[in-house]
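Here is the structure we will look at, set down as structure tokens.
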Amino acid sequence: MENLTSWVDVDLDVLSNNIKIIKDFIGETKMLAVVKADAYGHGIVPVALTAIESGADFIGVSGLDEGILLRKSGIEAPILVFNTILPEQAEKIIQFDLTATVCSLDVVQALHEAAKRLNIKTRIHIKVDTGFGRFGILPEHTLKFVKIINSDFRAVDIEGIYTHFSTASSAAITRNQFEKFQSVTNKIRESGFNIPLRHACNSIATIKYPEMHLDMVRVGNLMYGLCPVGNLNIKKTAKVFSRIIFIKKLPRGHNVGYGNKYTTKRPTTVAVIPFGYYDGLELLVPQPNGVLDGLKSFLKQVLLGFGISRQDRKVRIKGRTFNIIGKIGMQNCMVDVTDLKDDIFIGEQVELSTRKVNLCYNLPRVYHREDEIFVDLRQRTVKFDTGNHYHYERGSEQFIG
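Residue numbers (full-length UniProt numbering): 1 to 401.
Following this line, the structure appears as structure tokens:
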């Protein structure tokens, strides 16, 4: 991509193959492809299209706006909106044939009334809080909730019921949540109500607990190759690249970056890369879970002070790993490339280590699919109305390269 300075490289063939591997692993169980948060930074529309073409049965998004965008982009597959909606958004859910997650009767009533106005039935999935503490009805109230919907809101069809594991890496906690969920769904069935889709597993749970697959699994990180994959041949679907735009030689004892946090310990060749925390580099907010986790976070900072870099402060150039030095700037960082001697040039490609979901939306995405390449430049245009007001519109200019 000779005209780009920084970009996200997404291999849709790898994504497609990952999905086919997952589908083969889960057998008859349905697969929901999670594309929330711009498909974890990979690009929501190309990823959703690829997921459906590769065998995904459902698409999962966080909010109403994501679902509407996919419908306007030609996605016809079922789309489940994870976040509960506001009652006033009910009509949009139905107009765009989206499936709402519900855990309160005011939303159910709003959906029912909007569906009656439009002379249509709307599908919902009920969420049960088995221990996550966010969205969901408590297990002891779920059966009554189902009974009320079935008796009083005939324009609403309960298509699914699900729960959300809080820490799928812990077998004990996950099994406890699953047992609560199973108890709820068993009581619902024993009471004569048939809900076609029961789902509980996220990516990690899909790999670790095949017995919990039920009728559908929700796969995000696994699909993108961002979590432990067991024995499956899952690969990462994206890499982040930039280019060196300046090279300089510094003497020993010279400061590098804001705050003079780093001083060269030898004559050093520094490469400047136009990629910083605005773009998504090192945009990690520590959220220690208890004292031990807090201590680990503190030790990482101590090691960094001694020049021992974390993985997210390293880059790859010409197949070798080099350290980012100094404090990372808003849109630049510096790399010690001394060991490349004179074998380094302006324009050299650099691979960065960063979380894809934290990447700046405006970074161009370069997609590879079946020997073709297309680029989403994600440009913004400014439109003025008849007054002195203006607004931004996100657009994408695509070209074959």
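A virtual CB, placed ideally from N, CA and C, is assigned to each residue, including glycine.
| Query | Result |
| --- | --- |
| Boundaries of the alpha helix (DSSP H) in which Tyr40 is found, first to last residue | Lys36 to Tyr40 |
| C-alpha distance - Gly60 paired with Ile44, whole-angstrom precision | 11 Å |
| From Ala77, Ala39, Glu76 and Thr99, residue whose alpha carbon lies closest to that of Thr84 | Thr99 |
| Option in Gly136, Gly276 and Leu15 with minimal Cα separation from Cys333 | Gly276 |
| Secondary structure of Asp152, DSSP reduced to three states | helix |
| Inter-residue Cα distance where the pair is Asn255 and Met330 | 18 Å |
| Burial state of Gln349, where buried means 16 or more other Cβ atoms lie within 10 Å | exposed |
| Close-in-space but distant-in-sequence residues of the same chain around Glu91 (CB under 6 Å, 5 per side omitted) | Ala114 |
| Beta-carbon proximity of Ile21 to Leu232, cut-off 7 Å | yes |
| Alpha helix (DSSP H) segments (min. 4 residues) lying fully within the segment 69 to 128 | 90 to 95 and 105 to 117 |
| Candidates Ala48, Leu49, Val47 and Phe58, of which the one nearest Lys30 by Cα | Phe58 |
| Secondary structure of residue 407, DSSP reduced to three states | Any question about residue 407 goes unanswered here, given that the chain covers just 1 to 401. |
| Proximity of Ile161 and Ile126 at Cβ, strictly below 7 Å | yes |
| Same chain, Cβ closer than 6 Å to Ala37, five either side skipped, listed in chain order | Val357 |
| Sequence-distant residues of the same chain with beta carbon closer than 6 Å to Thr167, five excluded per side | Ile173 |
| Leu4 versus Arg320 - alpha carbon distance | 22 Å |
| Rounded separation between Arg266 and Thr338 - CA only | 9 Å |
| Buried or exposed (CB count within 10 angstroms, at least 16 for buried), Pro251 | exposed |
| Val156 beta carbon less than 7 Å from that of Ile148 | no |
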